[in-house]
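*Asks:*
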Amino acid sequence: ILLASRARSTSKSTYATRRSLAQVVVATPATSTSPPPRCTQTGKMSCRILLALLFLFLAPTTRSYDHPFNPTRRDTLRTAASTLVATPAFVSTPFSASLRVVTDPATYSALVYEPPGVRSPPPLLVVLSGAGNNKGEIMRDMASISGEQGGLPSSLIASGKAPESLYREFTVVQPYPAGKASFYEEPRGKLLSFLDWFCSDAGREAGCPRADKARVALWGFSDGATCAVELATTGRFASCVVAAPGLTGPLPPRAVELLNNQPLYFLHAIDDEVFPISGTDRLVDTLRAAGNTRVRYSRLESGGHRGAGLAAASRPDIYEWFSSL
Numbered sequence: 114i115l116l117a118s119r120a121r122s123t124s125k126s127t128y129a130t131r132r133s134l135a136q137v138v139v140a141t142p143a144t145s146t147s148p149p150p151r152c153t154q155t156g157k158m159s160c161r162i163l164l165a166l167l168f169l170f171l172a173p174t175t176r177s178y179d180h181p182f183n184p185t186r187r188d189t190l191r192t193a194a195s196t197l198v199a200t201p202a203f204v205s206t207p208f209s210a211s212l213r214v215v216t217d218p219a220t221y222s223a224l225v226y227e228p229p230g231v232r233s234p235p236p237l238l239v240v241l242s243g244a245g246n247n248k249g250e251i252m253r254d255m256a257s258i259s260g261e262q263g264g265l266p267s268s269l270i271a272s273g274k275a276p277e278s279l280y281r282e283f284t285v286v287q288p289y290p291a292g293k294a295s296f297y298e299e300p301r302g303k304l305l306s307f308l309d310w311f312c313s314d315a316g317r318e319a320g321c322p323r324a325d326k327a328r329v330a331l332w333g334f335s336d337g338a339t340c341a342v343e344l345a346t347t348g349r350f351a352s353c354v355v356a357a358p359g360l361t362g363p364l365p366p367r368a369v370e371l372l373n374n375q376p377l378y379f380l381h382a383i384d385d386e387v388f389p390i391s392g393t394d395r396l397v398d399t400l401r402a403a404g405n406t407r408v409r410y411s412r413l414e415s416g417g418h419r420g421a422g423l424a425a426a427s428r429p430d431i432y433e434w435f436s437s438l
């Protein structure tokens, strides 16, 4: 049973756009020494329209839903030229060497990070990303700052741009919803099963780093933030950061009750072009009115949808808040 409603348009096409025929780029053929064939103006136009239609119906589409460095959420048509310019390959750095991939065959593969030199098991930060293709290579999509999920905590660690407190104090796990647009299309129980495996002896044998089971924090952006609110109602998480969630309707009374003492840190930009800030305003007001005094809310003046994800990943006070609980 879903515990919250999310801000979805009546159709995904609301966020979709297709390039007009005039925008389709046709590569210029190589220079030839023989003169080009003669053609009427009408013939030229017919050829161009034919080629454009071929690209329109044959070229695959790609989604760039919630990339924190993209200003909008939309479908874009790949032209023959753009398919050759794929997401840059992941380039290893001294920081990224500390990240690795672990796999639970029954649930998810995930990118994990373990802070160096920590004697006791550190708190665990569970990162839930927004929507995307999720059909590529996990290191490229999540560890690269220019990847599909670039700008979230894992990519900041890999690029050497994360706050010092994130480097030093947290084990990080970012599961990968391979083949799905986002975790919103997956059963919530599947994520909980993955975390059970991650903290188990079987997970340790598969390469999962140490983590304090009593100090597991959720960090969610966009669709991942929506799921984080729902997962927080289980009472299994010590705290939860919610960046630009897609929640609009009122929470069921039971969900409000379950979240009553849950530490929650919301971030949302006033100019969010994907999920309106009004939904988060309403949610925060509801939780506070119900008596939750552990709710924090940062209303960002600008930055759009991506701004909330970047702020939640890069602001040192977020991780200081996690550590203080």
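Taking the numbering used here, the leading residue of the sequence shown gets 114, the next gets one more, and so forth.
Using N, Cα and C, we set each Cβ at its ideal position, and we do this for glycine too.
Report yes if the C-beta distance between residue 426 and residue 381 is below 8 Å; otherwise report no.
*Replies:* Not a contact, by the Cβ cut-off of 8 Å.
*Asks:* What is the DSSP secondary structure of residue 224, counted as helix, strand or coil?
*Replies:* strand
*Asks:* Rounding to the nearest angstrom, what Cα-Cα distance links residue 408 and residue 355 in this structure?
*Replies:* So the two alpha carbons sit approximately 11 Å from each other.
*Asks:* Rounded to whole angstroms, how far is the Cβ of residue 313 from the Cβ of residue 330, which I believe are closer than 8 Å?
*Replies:* The pair is not a contact, with the Cβ atoms about 19 Å apart (cut-off 8 Å).
*Asks:* Helix, strand or coil, according to DSSP, for residue 387 in the structure here?
*Replies:* coil
*Asks:* In the DSSP assignment, find the alpha helix (DSSP H) that holds residue 303 and state where it starts and stops.
*Replies:* 301 to 311
*Asks:* Relative to the alpha-carbon of residue 242, which residue among 271, 289, 236 has its alpha-carbon at the smallest distance?
*Replies:* The residue with the shortest Cα to Cα distance from residue 242 is 289.
*Asks:* Are residue 436 and residue 278 touching if we call contact CB-CB under 8 Å?
*Replies:* yes
*Asks:* Using a threshold of 8 Å, state whether the C-beta atoms of residue 384 and residue 335 are closer than that.
*Replies:* no
*Asks:* What would DSSP say about residue 328, mapped onto helix, strand or coil?
*Replies:* strand
*Asks:* Inspect the beta-carbon positions of residue 226 and residue 284 and report whether they are closer than 8 Å.
*Replies:* yes
*Asks:* Looking only at C-alpha atoms, which of 282, 280, 240, 305 sits nearest to residue 265?
*Replies:* 240
*Asks:* Whole angstroms are fine: how far does the CA of residue 253 sit from the CA of residue 270?
*Replies:* 14 Å
*Asks:* When the Cα of residue 346 is compared with those of 364, 219, 261, 295, which residue comes out closest?
*Replies:* Looking only at 364, 219, 261, 295, the smallest Cα-Cα distance to residue 346 is reached by 364.
*Asks:* Could you give the first and the last residue of the continuous alpha helix (DSSP H) run that contains residue 340?
*Replies:* 336 to 345
*Asks:* For the beta strand (DSSP E) containing residue 240, name the first residue and the last one.
*Replies:* 236 to 241
*Asks:* Could you work out which residue in 373, 259, 374, 379 is closest to residue 338 when comparing CA atoms only?
*Replies:* Of the candidates 373, 259, 374, 379, the residue whose Cα lies closest to the Cα of residue 338 is 379.
*Asks:* Within a Cβ cutoff of 7 Å, which residues of the same chain sit near residue 369, ignoring the five residues on either side of it in sequence?
*Replies:* Cβ contact annotation for residue 369 (same chain, cutoff 7 Å, sequence separation greater than five): 399, 400, 403, in chain order.
*Asks:* Taking 8 Å as the threshold (C-beta atoms), are residue 360 and residue 342 in contact?
*Replies:* yes
*Asks:* Using three-state DSSP, classify residue 406 as helix, strand or coil.
*Replies:* coil
*Asks:* Is it right to say residue 261 is buried, meaning 16 or more other beta carbons lie within 10 angstroms of its own, or is it exposed?
*Replies:* buried
*Asks:* So, is residue 424 buried or exposed, given that buried needs 16 or more other C-beta atoms within 10 angstroms?
*Replies:* buried
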